[in-house]
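These notes concern the structure reproduced below.
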Amino acid sequence: MNRISTDQFSQSIHAMHGATASLTARERVHEQFEGDTVWEGEVLVFKLSDHPTASRCFAWEVDGEITAVLAEGPIETATDAVRASIWADGAEEPEA
Numbered sequence: 018m019n020r021i022s023t024d025q026f027s028q029s030i031h032a033m034h035g036a037t038a039s040l041t042a043r044e045r046v047h048e049q050f051e052g053d054t055v056w057e058g059e060v061l062v063f064k065l066s067d068h069p070t071a072s073r074c075f076a077w078e079v080d081g082e083i084t085a086v087l088a089e090g091p092i093e094t095a096t097d098a099v100r101a102s103i104w105a106d107g108a109e110e111p112e113a
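Under this note's numbering, think of the first position of the sequence shown as 18, with each following residue one higher.
Written as C-alpha cells, this is what we have:
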C-alpha cells in the first residue's frame, strides 16, 4: 500500500507530465531477476484526460518519492512501467 494520497499522486503526475490524472486501478507488481526480488509493490493506474500522446500513466512511491511512467510505446502494463524504471535507474548509475 502506498503511503501517499491519491491526490498527491495526481498532483505529481500533473507536475511531471502536464496531464490531469484520475485513478482507475491498483495493481500488485513483483519483479524478479535471476530469482531475486528486484522490486515489489503497488502500482496505481491513472487515466489521463489531457495528455497529447498517452491515455494512461502508472505511478508508485518508494520512500516518499513518486515515479510516474506514461503508457506509451512498449509500456503497456504496470509491470512494463516498473521494468522500464528499473532499467532507466540502472542506466543512470555511474561506473565505479
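The beta-carbon is built from N, C-alpha and C at its ideal position, and this holds for glycine as well.
All of these numbers come straight from a predicted model, not from anything done at the bench.
Of the residues Phe75, Ile92, Pro69, the one placed nearest Gly58, counting alpha carbons only: If we check each option's Cα against that of Gly58, Phe75 comes out closest.
For Glu93 and Thr84, the rounded distance between their alpha carbons: Cα to Cα, Thr84 sits roughly 16 Å from Glu93.
Distance CB(Thr37)-CB(Val62) smaller than 8 Å: Their beta carbons are not under 8 Å apart, which means Thr37 does not touch Val62 by this criterion.
Check whether Glu89 and Ala71 have beta carbons under 8 Å apart: Yes; because the gap between Cβ atoms is below 8 Å, this pair is in contact.
Continuous alpha helix (DSSP H) stretch holding Ser66: start and end: Per DSSP, Ser66 belongs to no alpha helix (DSSP H) and is neither H nor E.
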